[in-house]
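Novice:
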Amino acid sequence: MSHIAYVNGRYLPQGAAHIHIEDRGYQFADGVYEVICIWNGLPVDYAPHMVRLSRSLRELSVRTPATNGALTVIAKELVQRNRITKGTLYMQVNRGVAPRAHPFPKETVPPSVIMTVKHGAGPSEAIAEQGVKVITAPDQRWGRCDIKTVGLLPNVLAKQKATEAKAFEALLLTPDNTVTEASASNAWMVTKDQTLVTHPTTQAILGGVTRATVIKLAREAGYQIEERPFTLDEARAAKEVFLTGTTTFVMPVVLIDETPVANGAPGTVALELRRLYRTFIDSLRADTAWNV
Ligand code: PLP
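For the sequence shown, the positions run 53 to 344 when my numbering is used.
1) Can you give me the start and stop residues for the beta strand (DSSP E) that P304 sits inside?
2) Name the one or two DSSP bridge partners that E292 has.
3) What residue range is occupied by the uninterrupted beta strand (DSSP E) comprising K213?
4) Quick check: the Cα distance between V114 and V202, rounded to an integer number of angstroms?
5) H101: beta carbon under 8 angstroms from a heavy atom of the ligand PLP?
6) Do E221 and A236 come within 9 angstroms of each other at the CB atom, strictly closer than that value?
7) Tell me, please, which residues DSSP counts as bridged to W91.
8) Could you tell me which residues DSSP puts in a beta bridge with E278?
9) For the beta strand (DSSP E) containing I179, list its first residue and its last residue.
10) Taking three-plus beta-carbon pairs below 8 angstroms as touching, is the segment 272-289 in contact with the segment 163-174?
11) Check whether the Cβ of T298 sits closer than 8 angstroms to any heavy atom of the ligand PLP, and report yes or no.
12) Which whole-angstrom value is the C-beta distance of K185 and L307, which I expect to be below 8 angstroms?
13) N343: buried (16+ other C-beta within 10 angstroms of its C-beta) or exposed?
14) Would you grab the beta carbon distance between N238 and I267 for me? Rounded to a whole angstrom, and I think it's under 8 angstroms.
15) Leaving out the 5 sequence neighbours to the left and right, which residues in its chain are closer than 8 angstroms to Q66 when beta-carbon positions are compared?
16) Just how far apart, CA to CA, sit A210 and A189?
17) Any heavy atom of the ligand PLP closer than 8 angstroms to the beta-carbon of S235?
18) Could you tell me which whole beta strand (DSSP E) segments of length 3 or greater appear in the segment 129-164?
19) Reducing DSSP to helix, strand and coil, say where L336 ends up.
20) Alpha carbons only, please: which of T340, V96 and L141 is nearest the one belonging to Y85?
21) Measuring straight from C-alpha to C-alpha, what distance separates Q132 and D334?
22) Beta strand (DSSP E) containing R347: first to last residue?
23) Under 8 angstroms: does the beta carbon of T262 sit that close to some heavy atom of the ligand PLP?
24) Buried or exposed: which applies to D339, given that a residue is buried once 16 or more other Cβ atoms fall within 10 Å of its Cβ?
25) When we look at the beta-carbon of Q144 and count the other beta-carbons within 10 Å, is it buried (16 or more) or exposed?
26) Say the cut is 8 angstroms; is the CB of I199 nearer than that to a heavy atom of the ligand PLP?
27) P163: buried (16+ other C-beta within 10 angstroms of its C-beta) or exposed?
28) Can you tell which of W240, R271 and F282 has its C-alpha closest to the C-alpha of R228?
29) Ignore the nearest five residues each way along the sequence and tell me which others in V59's own chain have a CB closer than 6 angstroms to its CB.
30) At which residues does the beta strand (DSSP E) containing E221 begin and terminate?
31) Less than 8 angstroms between the CB of V208 and some heavy atom of the ligand PLP, yes or no?
Written out as structure tokens, the structure is:
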């Protein structure tokens, strides 16, 4: 059965849902989005996703399309109508529909709101137990990677390169060989002295909601965390490398290009953090999960 989507005020079968050809999301990638994991019918880290959505809109001076309360009503409705127990909720807000011209349209143009859902959350446990291969690719994105825009072409090209190499992800490298993040997840390494290192939340990376939750869980578990850039050489020499993200949870990396990470098996830290993350999402509560 076709999924029901929400587009600008209407719930429609996904195949019948359309966006105007002069929508600025389509014409200019002038829009922002969020992907939220739905676990046991409840959203994971809903509040921080909505906070990031508001921030992305503010950074681009896109009008807020509706109150958080109104967006939440739609989001809940869509999850329920599509009977999503484990899946993802996608929200996109574009600057709206106007005759194609680079400057922003009049203030009165309403932003477009699109929401869709998908069944299936996170990669299988079997993949995580084995760990994944990543490749490296140049970070060819713009200077504001902290804004979650729909302008994802460099990310798409990097992910495609990974897919063609039978890899799970692409680590993105700046010209000085710094690992910023991956095409759709944040990158981490564990040093020999068991310190967790991940790039700080500058304009060079997307401040991942999962990254923030894993930082909290790791601190509670007693790990030291350094938010600083690290190089590909450091990652290659690290005890562990792993990824975090809404659709990734915590994923151990065992191969970078053709070089094994440590002994080429998933690391104990990544596996422990994956377990802690799983416990966190398993304990979401229906009376609070949708709060912003
Ligand atoms: N970095 C990039 C470039 C992403 O696209 C994503 C998620 O799509 C992430 C990191 C992880 O962010 P989050 O944990 O909020 O899903």
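The beta carbon of each residue, even a glycine, is placed where N, CA and C say it ideally should be.
Specialist: Once the coordinates are examined:
1) F301 to I308
2) V242
3) Run containing K213: none in the beta strand (DSSP E); it sits in the alpha helix (DSSP H), L205 to E216.
4) 13 angstroms
5) yes
6) yes
7) L94
8) V249
9) First-last for I179: E177 to Q182, but that is the alpha helix (DSSP H), not the beta strand (DSSP E).
10) no
11) yes
12) 4 angstroms
13) exposed
14) Not really, about 10 angstroms apart at Cβ, beyond 8 angstroms.
15) S54, H55, I56, A57 and T168
16) 6 angstroms
17) yes
18) 139-146
19) coil
20) L141
21) 19 angstroms
22) Only positions 53 to 344 of the chain appear in this structure, which leaves residue 347 out of reach.
23) yes
24) exposed
25) buried
26) no
27) buried
28) Checking the sequence shown, residue 228 turns out to be Asp, not Arg. Closest by alpha carbon: F282.
29) A69 and I166
30) E221 to L225
31) no
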